[in-house]
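For reference, the structure is listed below as structure tokens.
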Amino acid sequence: MEELLEASKYHSKHLPGYSEQEIAAAGIIISTITYLSRIGCANIEQLIKDTIEFNDNKDE
């Protein structure tokens with residue numbers, strides 16, 4: 480998380496098509512998906528969809 484907070488909006492040296500912020504955010508997503516897989520989440524994609532829908536409806 481610290482990397483994301485410290486990342487800039489400027490292009491990355493390693494992946495010039497993306498900003499440092501985008502790459503740091505992608506790293507968090509990858510870590511989260513890896514964690515969900517390791518704890519045995521059967522359907523990560525559906526979990527994400529259901530969570531988005533729940534959060535959208537929560538605000539209504």
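The sequence shown begins at 480 in the working numbering and counts up by one. Backbone N, C-alpha and C fix where the C-beta goes; we use that ideal spot for every residue, glycine too.
| Asked | Found |
| --- | --- |
| Since Ile507 contacts Leu494 with CB under 8 Å, what's their CB separation in whole angstroms? | Not really, about 16 Å apart at Cβ, beyond 8 Å. |
| By DSSP, does Ser487 sit in helix, in strand, or in coil? | coil |
| Quick check: what's the CA-CA separation for Arg517 versus Ser487? | 31 Å |
| Would Ala504 and Leu483 qualify as a contact pair, given that the criterion is a beta-carbon distance under 7 Å? | yes |
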